[in-house]
Amino acid sequence: MDELFALKNLFYTGSFQQVINEANSRSQLSETAKLERKIYLYRAYIAQGKYNLVISDIKSSDEIDLQVIKILAIYLQAKTTSGGSGSNGSVGEDKKKEEALKELREVILSDPSNVINSTVQIITGTIFYHEGLYEEALKILVKHNKNLECVALIIQIYLKLDRLDLAKRELASTKTWSEDAMLAQLIEGWVGLRTGGDKYQEAYYICEEIAQSPSSNTVKILNGQAVCNIHLGKHAEAETLLLEALNKSNDDPDTLVNLIVVSNLLNKPAEVVNRYINQLKEASPNHAFLQDLDLKSSLFDRAAQRFALP
């Protein structure tokens, strides 16, 4: 029996504050589970954007599992705060990011024993995923020993690369050894959303079942249900779920992006859509959605100039 079964499920569904609360409890655990609990504690803090807390807490004498999590915190803090505008601040953050990547490669991954460590695999894969280094991420992740988080990241990469065939193959292989776990169900939902057709409804049922538990009715799961409803053409139902998610967290980027999409589908007034866009700009100014929106706007303006009256 996995001593941290409940804690892990809280993490997978995005109940990060509950993870922190549970991890700070004084429940009796084996030494191995104590380290794993600490791993999820710091990862939950990172998910909340509390990078400095993690960076200052983890010492150079701590286990390699924690060392690599500290590198993730440094990397994400630098990536989040770098505006990419060439200012001294952003240049400094870019340097921190490069130093984190260098330490990961030259210190952590240079030791063969670290490469088969599941925490190192997950965190390295996460960092390389953020960098767009998908091939490097896969080389590390495929070394996993039946680890569902590694599988989840592998499938995310395949879907990112539009290799649905490989994602389906990985899912089929995973179901031979882990079919009932919550994370396995979530993975199946992701693949279903990309597959389409009847799989949209199946993906919705997966999210709906998970959401039955009050602790799992999180922003992430609500967004999952909403995205399924968007694909099913149930735009009003999707909006209701997203507004519930917004009440739980008014600056969640995924919720705001999905609200922008569904508001357009519902033909909401332009000021409503622009309000969500402005919220997203405040919450996550470097979000990929905003970058793509700026690019499309620029291309439209350029095309419109060709038809402008002299």
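Going by the working numbering, the sequence shown opens with residue 760, and the numbers climb by one from there. Virtual Cβ for every residue (Gly too), placed ideally from N, Cα, C. Since the structure is predicted, the reported quantities are computational estimates derived from the model, not experimental observations.
Here's the rule: buried if 16 or more other CB atoms are within 10 angstroms of the residue's CB, otherwise exposed. What is R1065? exposed
Less than 7 Å between C-beta atoms, sequence neighbours within five positions excluded: which residues of the same chain meet that for Q1091? Residue 1091 is absent from the model: the chain starts at 760 and stops at 1069.
Per-residue burial, S869 [other beta carbons within 10 Å of its own, 16 or more giving buried]: exposed
Return the CA-CA distance between T977 and I946, expressed in angstroms with no decimal places. 17 Å
Assigned exposure category for D1011 - 16 Cβ within 10 Å defines buried: buried
Could you tell me which uninterrupted beta strand (DSSP E) segments, each at least 3 residues in length, are contained entirely in the stretch 773–856, listed from first to last along the chain? none
Assigned secondary structure, K767 (DSSP; H/G/I helix, E/B strand, else coil): helix
Going by the beta-carbon positions, is the gap between A985 and L1005 smaller than 7 Å? no
Out of A782, I886, D821, state which residue places its alpha-carbon closest to the alpha-carbon of I833. I886
Alpha carbon to alpha carbon, how far is S820 from Q971? Give it in angstroms, no decimals. 42 Å
Once the 5 residues before and after G773 are set aside, which same chain residues still bring their CB inside 8 Å of it? A806, T977, V978, K979, I980
Using the beta-carbon count (16 or more within 10 Å), is L863 buried or exposed? buried
State yes or no: is the C-beta of Y1094 within less than 7 Å of the C-beta of L1049? Nothing can be reported for residue 1094, as the shown portion of the chain is limited to 760 through 1069.
Count the other CB atoms within 10 Å of the CB of D1013; is the residue buried (16 or more) or exposed (fewer)? buried
Three-state secondary structure (DSSP) of H1046: coil
Taking 7 Å as the cut-off, decide whether the C-beta atoms of N803 and I830 are in contact. First, the residue type needs correcting, since residue 803 is Ala and not Asn in the sequence shown. Taking 7 Å as the Cβ cut-off, A803 and I830 do not qualify as a contacting pair.
With H, G and I counted as helix, E and B as strand and the rest as coil, what does DSSP make of N1006? helix
By how many angstroms is the C-alpha of R928 removed from the C-alpha of I779? 35 Å
Answer with buried or exposed for R1061, where buried requires no fewer than 16 other C-beta atoms within 10 angstroms of its C-beta. exposed
Would you mind working out which of T883, I814, A1067 sits nearest Y801, comparing C-alpha positions? I814
For M760, three-class secondary structure by DSSP: coil
Closest Cα partner of E894 within the set Q915, N904, W949: Q915
For E967, I'd like the list of residues in its chain whose CB is within less than 7 Å of its CB, leaving aside the five on either flank, ordered along the chain. Q984
Per DSSP, what kind of secondary structure is R953 in: helix, strand or coil? helix
Can you tell which of L1039, N1017, S1057 has its C-alpha closest to the C-alpha of E996? N1017
From this set, I798, D921, G948, P1028, which residue's C-alpha is nearest Y963's C-alpha? G948
Kindly say whether Q836, judged by its beta-carbon, lies nearer than 7 Å to any beta-carbon of chain D. In summary, chain D is missing from the structure at hand, where a single protein chain is found.
Using only alpha-carbon positions, find the residue among E890, R953, L912 that is nearest to D921. R953
Contacting residues, own chain, Cβ-Cβ under 6 Å from N783 (five flanking each side not counted): none
In angstroms with no decimal places, state the Cα-to-Cα distance between L930 and H903. 15 Å
For Q787 and T839, the rounded distance between their alpha carbons: 37 Å
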